[in-house]
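Asks:
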Amino acid sequence: MIRLSKLYAIYTLTGNEERFLGQAYLTAKDLEAIEESFTGTPESEHHIALTDGDQVNVNAIDSIEEITDDGEE
1 MIRLSKLYAI
11 YTLTGNEERF
21 LGQAYLTAKD
31 LEAIEESFTG
41 TPESEHHIAL
51 TDGDQVNVNA
61 IDSIEEITDD
71 GEE
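Quick note on the working numbering: the sequence shown kicks off at 1 and runs consecutively.
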């Protein structure tokens, strides 16, 4: 089975602390939008749906970590 998305942990910075926002299955398009937000050149507003149903604007994301099936990140 081909997986078109992978599970990631999503984080933002609050002051000097990294804060966990939630988990999300990210597609290649989502990852591209996040990368654009990191470089400061987003083409358009893009939101990520977290697994708990909340929506996060990619501009609020400061880091992501892939969550693998074996529990290692």
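Every residue gets a Cβ at the ideal spot worked out from N, C-alpha and C, and that includes glycine.
Tell me the DSSP secondary structure of N59 in three-state form.
Replies: Here N59 sits in helix by DSSP.
Asks: Going by DSSP, what residues sit across from G22 in a beta bridge?
Replies: Looking at the DSSP assignment, G22 forms a beta bridge with I10.
Asks: Does DSSP put E43 in a helix, a strand or coil?
Replies: Three-state DSSP puts E43 in coil, outside helix and strand.
Asks: State the Cα-Cα distance for the pair E66 and T27, rounded to the nearest angstrom.
Replies: Distance between the alpha carbons of E66 and T27 is about 12 angstroms.
Asks: Pull up the CB-CB distance for G22 and L4, whole angstroms please, since I reckon it's below 8 angstroms.
Replies: That pair is no contact at about 20 angstroms.
Asks: Just to confirm my understanding: we take M1, look at its own chain, exclude 5 residues before and 5 after, and list those with CB closer than 6 angstroms. What are they?
Replies: Any reading at M1 must be qualified, since the residue scores a pLDDT of 49, below 50, and its modelled position is unreliable; the value itself is stated next. Result list for M1: empty, nothing under 6 angstroms.
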